[in-house]
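Student: For the record, in the sequence shown the residue sitting at position 98 is 102 according to our numbering, with numbers rising by one throughout. For every residue, glycine included, the Cβ atom is placed at its ideal position computed from N, Cα and C. Predicted model only: the values in this text are computed from it and were never measured.
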Amino acid sequence: DDFSVGYVASHSNTRLPLQFKVSALWSAHEGSFLLWTLVMSIWTMMVARFSAPLTTDMRARVLICLAALGFGFYLFLLLTSNPFERALPFYPAEGADLNPLLQDFGLIVHPPLLYMGYVGLSVPFAFAIASLWGNTLDVSWARWSRPWT
5 DDFSVGYVAS HSNTRLPLQF KVSALWSAHE GSFLLWTLVM SIWTMMVARF SAPLTTDMRA
65 RVLICLAALG FGFYLFLLLT SNPFERALPF YPAEGADLNP LLQDFGLIVH PPLLYMGYVG
125 LSVPFAFAIA SLWGNTLDVS WARWSRPWT
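#1: Which residues does DSSP pair with V9 in a beta bridge?
#2: With DSSP as the reference, label R53 as helix, strand or coil.
#3: If you measure between the beta carbons of F37 and F7, is that distance less than 8 angstroms?
#4: Could you tell me whether the region 95 to 107 touches the region 7 to 18, where touching means 3 or more Cβ pairs closer than 8 angstroms?
#5: When the cut-off is 8 angstroms and only beta carbons count, does Q23 lie next to chain B?
#6: Please tell me whether V113 and V43 are closer than 8 angstroms, where the distance is taken between their beta carbons.
#7: Can you say whether G121 is buried or exposed, counting buried as having 16 or more other CB atoms within 10 angstroms of its CB?
#8: Suppose the cutoff is 6 angstroms on Cβ atoms and the five residues either side in sequence are ignored; what does the same chain contact list for R63 look like?
#9: Count the other CB atoms within 10 Å of the CB of V51; is the residue buried (16 or more) or exposed (fewer)?
#10: Given that a residue counts as buried once 16 or more other Cβ atoms are within 10 Å of its Cβ, and exposed if not, what is I133?
#11: Tell me whether R63 sits in a helix, a strand or coil according to DSSP, three-state version.
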(Lines of atoms letter the chains of each structure in order from A and count residues from 1; the text may use other names and numbers.)
(Lines give C-alpha, C1' and ligand atoms only; values in the text may rest on other atoms or scores of the structure.)
Protein backbone atom coordinates (compact mmCIF):
# COMPACT_ATOMS: atom_id res chain seq x y z
CA ASP A 1 0.00 0.00 0.00
CA ASP A 2 2.47 2.62 -1.20
CA PHE A 3 0.15 5.56 -1.86
CA SER A 4 3.03 7.71 -3.07
CA VAL A 5 2.52 5.91 -6.41
CA GLY A 6 -0.36 7.62 -8.18
CA TYR A 7 -1.80 4.42 -9.65
CA VAL A 8 -1.91 2.70 -6.25
CA ALA A 9 -3.49 5.77 -4.63
CA SER A 10 -6.19 5.85 -7.33
CA HIS A 11 -7.12 2.16 -7.37
CA SER A 12 -6.45 0.63 -3.95
CA ASN A 13 -6.75 1.23 -0.22
CA THR A 14 -5.71 -0.49 2.98
CA ARG A 15 -9.12 -2.13 3.58
CA LEU A 16 -9.29 -3.81 0.17
CA PRO A 17 -9.00 -7.63 0.32
CA LEU A 18 -5.76 -9.05 -1.09
CA GLN A 19 -7.35 -10.64 -4.18
CA PHE A 20 -8.80 -7.26 -5.18
CA LYS A 21 -5.51 -5.48 -4.49
CA VAL A 22 -3.93 -7.83 -6.99
CA SER A 23 -6.74 -7.37 -9.52
CA ALA A 24 -6.56 -3.58 -9.05
CA LEU A 25 -3.28 -3.85 -10.93
CA TRP A 26 -5.14 -4.33 -14.21
CA SER A 27 -8.28 -2.34 -13.40
CA ALA A 28 -7.19 0.73 -15.40
CA HIS A 29 -5.33 1.56 -18.59
CA GLU A 30 -1.84 1.82 -17.12
CA GLY A 31 -2.07 -1.43 -15.19
CA SER A 32 -3.55 -3.25 -18.17
CA PHE A 33 -0.52 -2.32 -20.25
CA LEU A 34 1.74 -3.43 -17.42
CA LEU A 35 -0.04 -6.80 -17.39
CA TRP A 36 0.22 -6.93 -21.20
CA THR A 37 4.00 -6.43 -21.09
CA LEU A 38 4.36 -9.00 -18.31
CA VAL A 39 2.46 -11.62 -20.34
CA MET A 40 4.47 -10.66 -23.44
CA SER A 41 7.69 -11.25 -21.50
CA ILE A 42 6.47 -14.65 -20.33
CA TRP A 43 5.55 -15.72 -23.87
CA THR A 44 8.93 -14.54 -25.16
CA MET A 45 10.70 -16.45 -22.40
CA MET A 46 8.73 -19.59 -23.26
CA VAL A 47 9.60 -19.29 -26.96
CA ALA A 48 13.27 -18.84 -26.05
CA ARG A 49 13.14 -21.87 -23.78
CA PHE A 50 11.14 -24.27 -25.95
CA SER A 51 12.26 -23.40 -29.49
CA ALA A 52 15.39 -25.56 -29.52
CA PRO A 53 14.23 -27.62 -32.55
CA LEU A 54 14.29 -24.49 -34.72
CA THR A 55 17.26 -23.58 -36.83
CA THR A 56 19.52 -21.01 -35.21
CA ASP A 57 18.66 -18.35 -37.81
CA MET A 58 14.91 -18.87 -37.49
CA ARG A 59 15.06 -18.88 -33.70
CA ALA A 60 17.05 -15.63 -33.70
CA ARG A 61 14.61 -13.95 -36.10
CA VAL A 62 11.57 -15.04 -34.06
CA LEU A 63 13.11 -13.78 -30.84
CA ILE A 64 14.11 -10.49 -32.48
CA CYS A 65 10.51 -10.02 -33.68
CA LEU A 66 9.14 -10.74 -30.21
CA ALA A 67 11.73 -8.42 -28.64
CA ALA A 68 10.79 -5.63 -31.06
CA LEU A 69 7.10 -6.06 -30.22
CA GLY A 70 7.89 -6.08 -26.52
CA PHE A 71 10.08 -3.00 -26.84
CA GLY A 72 7.24 -1.15 -28.56
CA PHE A 73 4.84 -1.97 -25.76
CA TYR A 74 7.40 -1.10 -23.06
CA LEU A 75 8.10 2.22 -24.76
CA PHE A 76 4.39 3.04 -25.04
CA LEU A 77 3.87 2.04 -21.42
CA LEU A 78 6.65 4.25 -20.10
CA LEU A 79 6.02 7.27 -22.33
CA THR A 80 2.22 7.52 -22.27
CA SER A 81 0.83 5.22 -19.57
CA ASN A 82 3.43 5.01 -16.83
CA PRO A 83 1.89 3.18 -13.83
CA PHE A 84 4.89 4.13 -11.66
CA GLU A 85 4.36 7.89 -11.65
CA ARG A 86 4.57 9.40 -8.20
CA ALA A 87 1.69 11.31 -6.67
CA LEU A 88 3.86 14.33 -5.91
CA PRO A 89 4.24 16.65 -4.11
CA PHE A 90 1.63 15.26 -1.71
CA TYR A 91 0.17 11.82 -1.50
CA PRO A 92 -2.89 10.63 0.43
CA ALA A 93 -2.78 8.62 3.64
CA GLU A 94 -5.50 6.36 2.23
CA GLY A 95 -6.19 5.28 -1.35
CA ALA A 96 -9.33 5.99 -3.34
CA ASP A 97 -10.42 2.31 -3.58
CA LEU A 98 -11.20 0.04 -6.49
CA ASN A 99 -14.39 0.77 -8.41
CA PRO A 100 -17.12 -1.37 -6.75
CA LEU A 101 -18.23 -2.68 -10.15
CA LEU A 102 -14.75 -4.18 -10.58
CA GLN A 103 -14.74 -5.95 -7.21
CA ASP A 104 -15.79 -9.27 -8.67
CA PHE A 105 -14.19 -12.69 -9.09
CA GLY A 106 -14.42 -12.26 -12.87
CA LEU A 107 -12.01 -9.32 -12.77
CA ILE A 108 -9.47 -11.48 -10.99
CA VAL A 109 -9.35 -14.22 -13.65
CA HIS A 110 -10.73 -12.72 -16.87
CA PRO A 111 -8.04 -10.16 -17.86
CA PRO A 112 -5.03 -12.45 -17.30
CA LEU A 113 -6.66 -15.27 -19.26
CA LEU A 114 -7.77 -12.92 -22.02
CA TYR A 115 -4.32 -11.37 -22.29
CA MET A 116 -2.65 -14.78 -22.39
CA GLY A 117 -4.70 -15.45 -25.52
CA TYR A 118 -4.31 -12.03 -27.14
CA VAL A 119 -0.62 -11.71 -26.46
CA GLY A 120 -0.08 -15.39 -27.24
CA LEU A 121 -1.04 -14.66 -30.84
CA SER A 122 2.08 -12.53 -31.12
CA VAL A 123 4.10 -15.76 -31.18
CA PRO A 124 2.66 -17.11 -34.48
CA PHE A 125 2.83 -13.54 -35.80
CA ALA A 126 6.55 -13.46 -34.95
CA PHE A 127 7.03 -16.80 -36.72
CA ALA A 128 5.31 -15.43 -39.84
CA ILE A 129 7.35 -12.22 -39.83
CA ALA A 130 10.57 -14.16 -39.20
CA SER A 131 9.80 -16.41 -42.17
CA LEU A 132 9.10 -13.43 -44.41
CA TRP A 133 12.26 -11.75 -43.17
CA GLY A 134 14.38 -14.81 -43.97
CA ASN A 135 12.65 -15.53 -47.32
CA THR A 136 11.67 -18.97 -46.01
CA LEU A 137 7.91 -18.66 -46.30
CA ASP A 138 7.13 -22.35 -46.77
CA VAL A 139 5.37 -25.05 -44.76
CA SER A 140 8.16 -25.21 -42.17
CA TRP A 141 7.20 -21.93 -40.45
CA ALA A 142 3.60 -23.07 -40.15
CA ARG A 143 4.74 -26.39 -38.69
CA TRP A 144 7.00 -24.59 -36.20
CA SER A 145 4.30 -22.12 -35.17
CA ARG A 146 1.49 -24.67 -34.86
CA PRO A 147 2.24 -25.61 -31.21
CA TRP A 148 1.94 -21.92 -30.31
CA THR A 149 -1.57 -21.47 -31.73
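Tutor: Taking the structure as given:
#1: R90
#2: helix
#3: no
#4: yes
#5: Among the chains of the structure shown, chain B does not appear; only one protein chain is present.
#6: no
#7: exposed
#8: S55
#9: buried
#10: buried
#11: helix
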